[in-house]
Amino acid sequence: MLLLLAAQAQAQAQAQIARWPLMRVPEASEPVRLQSLAIRGAVSGSMAETTVRMVFFNPNLRQLEGTLEFPLAEGQQLTGFSLDIDGALRPAVPVEKKRGREILEAEERRGIDPGLLEQTAGNQFRLRVYPIPAGGSRTVELRYVETLKREQGRLAWLLPLSYGALPQDTRLELDLNGVREEPALIGATGLLNFERHAGGYRAHLVRPLKASDGAVKLLLDADLAQRVYVQEFGGARYFMAELPVGVQRVARALPKVVGLLWDSSGSAASHPHEAQLQALDRYFKALGRAEVRLIRLRDRAEAPQVFRIADGNWEALRKALAATVYDGASALGDWKPQTDVGEYLLFSDGLSNYGSQRFPALAANQRLYALAPQLGADTARLASLAERSGGQLIAIDPLRPEAAAEALLSDGPQLRAMNAAGAGELLADVAGARDGLLRVAGKLSAATARIELTVLEQGKPRGIAFDIDAATPSGSLAAWWWASRKLQELDGEYELRRGAIRRLGADFGIPTRETSLLVLERLEDYVRHEVLPPESMRAAYEKLKMVRGQQLAQKRQKQLDSVVRAFERKVAWWEKGYPKDAPLPPKPRQPVILQDGVFEERQRLVPPPMPAPALQFAPGGTTSNFGRADTRMVTVTGSNISSSDAESATRQNGGASIALKKWQADAPYIQRMKAAVPDRIYAVYLDERPSYLNSSAFFLDAAGLLFDKGQRELALRVLSNLAEMELENRQVLRVLGYRLMQAGAPELAVPVFEQVQLLGEEEPQSFRDLGLALADCGRWQRAVDQLYEVVLRPWDGRFPEIEQIALAEMNETLAKAQAKGVKVDVSQIDSRLLKNLPLDLRVVLTWDADNSDMDLWVTDPNGERSFYGHRLTYQGGMMSPDMTGGYGPEEFSLRHAKPGVYRVEANFYGHRQQIVAGATTLQLKFSTGFGTAAAKDQMVTLRLAGQGSTVLVGEFEVKPKK
């Protein structure tokens with residue numbers, strides 16, 4: 011048993027080691043491989059600075075985009091990134107995060123070389139590089155600093171040597187300044203050679219790295235005497251001090267009632283559970299007798315379960331934790347504190363990605379201890395949450411769980427006061443003080459300064475003071491350490507301090523939740539996007555910038571005027587009467603499009619799609635065999651126009667119904683889940699889940715089957731897993747939001763679309779989707795404001811006339827609000843755009859893949875098909891312009907519908923993605939009586955697997971007028 015536990019602990023430890031991944035290029039025929047690796051590191055005092063240079067080779071026959079996703083450990087801070095441009099490494103510059111994404115995608119469409127490094131969530135990062143040339147290579151350099159922790163009385167340095175396939179060309183150079191004795195090497199026996207050098211040691215490789223080396227750790231016997239450094243940076247002077255304090259800890263009083271908050275989301279499945287349980291074992295043995303209230307946190311918090319601990323026996327609770335099902339997203343704020351709980355233990359990585367609830371505030375007599383995995387956790391958020399209540403963040407080392415238990419059961423040195431003369435904005439590392447080394451930093455406001463601190467050691471106060479003057483040595487990490495501590499402080503209240511985080515990231519050139527690091531290819535690119543380039547390019551940048559005039563205000567006014575003209579053309583179409591008889595047989599001609607009120611030749615020269623041969627003509631329109639398929643019918647009764655509408659007397663039909671084809675995937679897990687009885691389908695899903703952790707399709711399919719079986723809460727949990735996939739992937743989040751809307755849960759969709767908007771403000775869909783979700787929640791004013799933003803902003807040319815679609819939805823929203831007696835402020839809206847245009851039939855197509863071209867086809871009872879190349883039909887059906895650049899929407903509108911059947915299809919025309927994607931997820935919204943009190947909507951989600959795919963989505967059946 012002991013051997014088994016040791017093996018489990020070792021396996022979990024390896025999972026928690028910082029593993030620098032290979033370049034990820036989905037579905038490349040051959041993997042892009044790491045060709046060479048060079049690592050340089052230096053230790054000074056208790057700080058280490060590391061530079062990692064990687065060369066990636068693309069053996070494929072096409073250029074590709076690559077992505078590196080990697081976590082950093084607690085105490086590590088990225089400080090720089092460089093990318094090779096024209097044979098030389100170019101340093102990245104800070105840019106606002108959403109702006110960085112917009113620039114990257116715009117440059118990729120132009121085939122230009124950009125590189126973008128982003129913080130995704132917590133201490134996790136993503137680096138996107140384009141292009142990696144066919145048969146060529148790209149060089150990436152990353153730099154980061156870190157504070158070293160004490161272990162066994164020495165400083166521990168975990169080296170970044172855990173790679174998948176290791177290159178033959180690997181170099182490693184380490185400068186260990188101030189290290190008194192030869193370092194101890196843990197793991198990878200015989201890997202390094204140490205030589206005395208300048209009062210310390212220098213290390214280099216003596217044999218090639220092997221995959222079996224795993225984690226490599228150095229234990230350094232460094233002189234931890236008091237040190238003070240100063241640094242000039244950005245026009246300010248910073249200081250940093252390392253102050254030794256006692257490491258003795260004293261047992262603390264333990265509570266009688268404990269709240270155990272257990273992260274049970276899908277991503278928590280990879281947490282070091284055995285180490286967590288070992289730490290809890292020591293905690294409960296020391297606790298003796300107590301009551302524990304277990305709350306599992308995922309997309310929704312479960313009801314508390316109560317367990318009694320007697321004489322340290324917690325076997326029932328341990329079995330319950332071991333049986334935890336890890337599934338769903340992370341909503342860490344979805345619980346309520348109970349007043350009689352003495353302290354809460356939060357076992358989580360701190361990555362809250364679902365819902366809008368803020369983390370609850372605890373009472374003055376309650377503490378929160380956050381116990382997190384060593385790697386990838388949102389340590390800034392967790393430390394802030396814990397320290398504000400007098401608790402602390404504890405990182406669980408899978409190889410030393412007893413250290414976490416000791417930190418949980420005792421109090422170490424505590425900082426009680428800081429005062430300064432000649433300095434301000436003081437910041438301290440409270441956690442480091444408990445580890446025996448107190449770090450303090452601040453900004454100097456005078457040539458000399460005196461800093462005084464009071465530290466509580468074993469319950470007794472001790473004063474520490476030091477002076478700063480002209481003789482104080484300089485150091486290269488003082489400003490960076492101050493910035494990293496300030497960032498942690500701000501991250502604890504991210505929602506309120508986003509502006510300050512953005513300014514900090516820009517000032518220090520570090521990636522944050524609000525800033526990214528960007529490399530562009532040409533000087534003109536920096537000027538066009540108004541991004542300040544590296545220092546070596548500044549003079550040329552300023553000269554070129556003077557040549558370019560700033561015309562943003564004029565462009566916005568031109569945008570509004572253009573929208574008004576297009577809206578006037580749409581009103582003219584809506585007011586015109588169109589014949590409802592059968593048209594004469596058309597003469598053969600090229601496809602055409604309606605553009606600016608005139609017909610023009612279609613540039614994409616393809617033959618118009620012919621009506622499906624299965625349709626048969628009959629008096630009054632077509633008859634359909636669609637009802638014999640697997641369909642869901644929604645009957646719409648009454649007029650298609652509200653009773654107050656003047657056109658109610660001119661209605662030309664007797665109402666309509668919608669039939670949606672029940673699309674079903676053919677994946678192997680589908681039949682298992684469909685065959686399962688309702689109370690076993692979730693168990694089948696859990697059994698299949700490990701094989702499809704990276705498949706959004708799997709979670710969509712499983713959720714759909716659970717909805718069909720009437721298990722709504724489990725379906726929503728399964729669906730929420732999309733929030734855990736590819737952190738900050740707005741395409742996946744959009745699909746999640748659309749599916750929540752389809753499930754009738756707009757209140758859950760709103761925070762998802764708010765996150766999408768933060769990630770992609772440069773795309774009009776981000777405002778439109780949020781506006782529609784807000785409207786479904788009855789939040790009319792915000793909904794109208796979001797939809798009008800689509801109208802006002804100048805968008806990229808790949809979103810033609812999306813303003814007209816948003817205008818239709820904005821005016822419909824205003825009509826709904828008015829019908830409910832709600833007054834919406836429209837004073838900021840151009841009055842020329844305030845006109846509701848009700849429709850008999852409307853279909854809107856959207857999709858999740860950028861740089862992709864999906865087409866909406868609608869065939870009316872005359873057999874006439876409306877599509878991108880034939881936008882205006884004989885009876886007045888109008889198709890919006892073709893969206894060839896990604897996401898949609900494409901819209902079909904018909905004011906007065908001729909009786910009969912209208913067949914709706916979706917076609918995958920093609921894509922221009924640099925990352926080869928799998929199936930594209932489509933959403934279609936069918937509406938009858940749009941813009942009226944009798945409006946009815948139905949949504950359907952489906953997937954198209956590849957270019958040329960076409961699928962029948964649904965039908966409208968319009969009844970004759972009685």
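In terms of this note's numbering, the sequence shown opens at residue 11 and continues consecutively.
Ideal placement from N, C-alpha and C gives every residue a C-beta, glycine not left out.
Query, Result
"What did DSSP end up calling residue 756 once you bin it into helix, strand or coil?", "helix"
"With DSSP as the reference, identify every bridge partner of residue 60, one or two as the case may be.", "51 and 154"
"Residue 273 lies in the beta strand (DSSP E); which residues open and close that run?", "267-273"
"Would you check if there are 3 or more beta carbon pairs closer than 8 Å linking the segment 523-533 to the segment 91-110?", "yes"
"Grab me the residues of residue 742's own chain with a C-beta within less than 7 Å of its C-beta, minus the 5 sequence neighbours each way, in chain order.", "706, 732, 735 and 736"
"What whole-angstrom Cβ distance do residue 210 and residue 182 have, given they're in contact under 8 Å?", "About 16 Å separates the two Cβ atoms, so there is no contact after all."
"Grab the span of the alpha helix (DSSP H) containing residue 294 for me, first residue to last.", "283-297"
"Quick check: the Cα distance between residue 933 and residue 962, rounded to an integer number of angstroms?", "13 Å"
"With three or more C-beta pairs closer than 8 Å as the rule, is the segment 796-813 touching the segment 779-786?", "yes"
"Evaluate residue 964 with the Cβ neighbour count: other Cβ atoms within 10 Å of its Cβ, from every protein chain shown; 16 or more gives buried, anything less gives exposed.", "buried"
"Assign residue 547 to one of three DSSP states: helix, strand, or coil.", "helix"
"Roughly how far, in whole angstroms, is the beta-carbon of residue 978 from the beta-carbon of residue 252, given that I think they are within contact range, below 8 Å?", "Outside the modelled stretch of the chain, which goes from 11 to 972, sits residue 978, for which no answer is possible."
"For residue 185, list the residues DSSP reports as bridge partners.", "52 and 212"
"Put residue 701 into one of helix, strand or coil per three-state DSSP.", "helix"
"For the candidate residues 380, 138 and 260, whose alpha-carbon lies nearest to that of residue 286?", "380"
"Measuring CB atoms only, is the segment 75-82 touching the segment 157-168, in the sense that at least three cross pairs come out at less than 8 Å?", "no"
"Identify every residue that forms a DSSP beta bridge with residue 227.", "168 and 196"
"State the Cα-Cα distance for the pair residue 501 and residue 411, rounded to the nearest angstrom.", "27 Å"
"How would you write the range of the alpha helix (DSSP H) that residue 682 sits in, first residue to last?", "678-685"
"Using 8 Å as the cut-off, can you tell me whether the segment 61-73 makes contact with the segment 140-151, which would need three or more C-beta pairs spanning the two stretches below that distance?", "yes"
"Out of 740, 751, 687 and 747, point me to the one whose CA is closest to residue 130's CA.", "740"
"Just verifying my parser: in three-state terms, what is the DSSP assignment at residue 918?", "strand"
"Cα separation between residue 907 and residue 937?", "13 Å"
"Near residue 327, what residues of its chain come up, given a Cβ to Cβ distance below 7 Å and the 5 sequence neighbours on each side ignored?", "302, 304 and 317"
"Pull up the distance between the alpha-carbon of residue 819 and that of residue 852, whole angstroms please.", "11 Å"
"Nearest to residue 595 by alpha carbon, out of 738, 541, 53 and 873?", "873"
"Please name the residue, chosen from 348, 356, 446 and 589, that lies closest to residue 375 on a Cα-to-Cα basis.", "348"
"With which residues is residue 518 paired in a DSSP beta bridge?", "None; residue 518 has no bridge partner."
"Any chance you could list the beta strand (DSSP E) runs of at least 3 consecutive residues sitting entirely within the segment 310-348, in chain order?", "315-319"
"Just to confirm the assignment, what range does the beta strand (DSSP E) spanning residue 963 have?", "960-968"
"In the DSSP assignment, what are the bridge partners of residue 810?", "In DSSP, residue 810 forms no bridge with anything."
"What is the DSSP secondary structure of residue 583, reduced to helix, strand or coil?", "helix"
"Curious, which full-length beta strand (DSSP E) runs of at least 3 residues does the segment 67-110 contain?", "74-81, 86-95, 98-101 and 103-106"
"In the DSSP assignment, the alpha helix (DSSP H) including residue 708 goes from what residue to what residue?", "706-718"
"Is it a yes or a no for the segment 439-446 touching the segment 471-479, going by three-plus beta-carbon pairs under 8 Å?", "no"
"Alpha carbons only, please: which of 688, 124, 104 and 73 is nearest the one belonging to residue 985?", "This structure cannot settle anything about residue 985, because the visible part of the chain is limited to 11 through 972."
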